[in-house]
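Enquirer:
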Ligand code: C2E
Ligand code: MG
Ligand code: MG
Ligand code: MG
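In full-length UniProt numbering, the protein residues as written are 546 to 820.
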């Protein structure tokens, strides 16, 4: 009797797993088709200088406009794209598109592109970045590449060599989601980053949580003394902006300054600002 019940439970899990495998394979197939079908789009979120209040650039954020599911979050499909190796061609598309669009912006504005650790495998990344810049006619110092700690975890020596090659092209390298890694401070020692992006989790509770406020202050101070600019992510209120400005944070980014938007909205955003 107990054995039969056990079998029932097993069969239940079996069909549950089959269903999940099927759903995953379906998503995988659709993801492979998405690039060919032109279903990807880049949204852009502004960075604002705390000193001048001017927009200094935009971060490109990938969006998948799925014909049936609607907008799919990158948090959902990027891990899958990394697993099946599809992040390399998708990432190349992002680089080319972002550079081409940034070339149409005012000359002092930069574009930031997120890179996956998987894109560092092989020897293609530096030539792809160089080619994206050249085709777009974008000055290299207008491109920022955002990496997370995962780039410095595995194959870190090879990846650090690649980071130096990219830097030699003239592009800037930013450390994204700073403070969430296992040894964030040691990453700063492994490569001379141009920018630190303070993770939004520290910014969110800064007003209420004195620990978070202390971390933000420490990171901003660290950046200042190392000559690395600091950008706070996830700024949603005026109070947060004021506090970050008082701490000497270089730039802010978040819903309070502007949500990610299609590139067609950028001219209106820039025209509406008086800076
Ligand atoms: P990220 O690079 O740390 O980007 C910041 C995320 O926070 C974005 O989510 C952005 O929309 C969101 N955000 C911005 N301001 C606020 C705010 O004030 N409040 C809150 N709650 N959230 C805010 P998104 O666009 O869903 O992207 C999620 C992550 O996906 C990114 O984190 C990045 O790691 C990854 N990603 C996005 N585009 C690409 C890409 O082209 N390539 C790669 N490899 N990864 C990408
Ligand atoms: Mg980023
Ligand atoms: Mg981030
Ligand atoms: Mg993030």
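All C-beta atoms in this analysis are idealised placements derived from N, C-alpha and C, irrespective of residue type, glycine included.
1) For residue 774, which residues does DSSP report across the bridge?
2) Could you tell me whether any non-hydrogen atom of ligand 1 is closer than 7 Å to the CB of residue 721?
3) Below 8 Å, can you find three or more Cβ-Cβ pairs linking the segment 678 to 694 to the segment 709 to 723?
4) Scan the segment 570 to 653 and note each continuous alpha helix (DSSP H) run of 4 residues or more that stays entirely inside, going in chain order.
5) How many Å lie between residue 602 and residue 563 at the Cα?
6) Taking only heavy atoms of ligand 2 into account, decide whether any of them is closer than 7 Å to the Cβ of residue 627.
7) With C-beta atoms as the reference, is residue 735 less than 8 Å away from residue 705?
8) Where does residue 655 fall in DSSP's three states?
9) CA-CA distance, residue 765 and residue 570?
10) What does DSSP give as the partner residue(s) for residue 562 in the beta ladder?
11) Answer yes or no: does any C-beta atom of chain B fall closer than 8 Å to that of residue 815?
Expert: From the atom records:
1) For residue 774, which the question treats as bridged, DSSP gives the partners 740.
2) Residue 721: yes, Cβ under 7 Å from ligand 1.
3) As far as the Cβ criterion goes, the segment 678 to 694 touches the segment 709 to 723, which means the pair count is three or higher.
4) The qualifying runs are 619 to 628 and 632 to 647.
5) Rounded to whole angstroms, residue 602 to residue 563 spans 46 Å at the Cα level.
6) Result no, Cβ not under 7 Å from ligand 2.
7) Yes, the Cβ-Cβ distance between residue 735 and residue 705 is below 8 Å.
8) Three-state DSSP puts residue 655 in a strand.
9) Distance between residue 765 and residue 570, taken at the CA atoms: about 44 Å.
10) In the DSSP output, where bridge partners are listed per residue, residue 562 has none listed.
11) The structure shown contains no chain B; it holds only a single protein chain.
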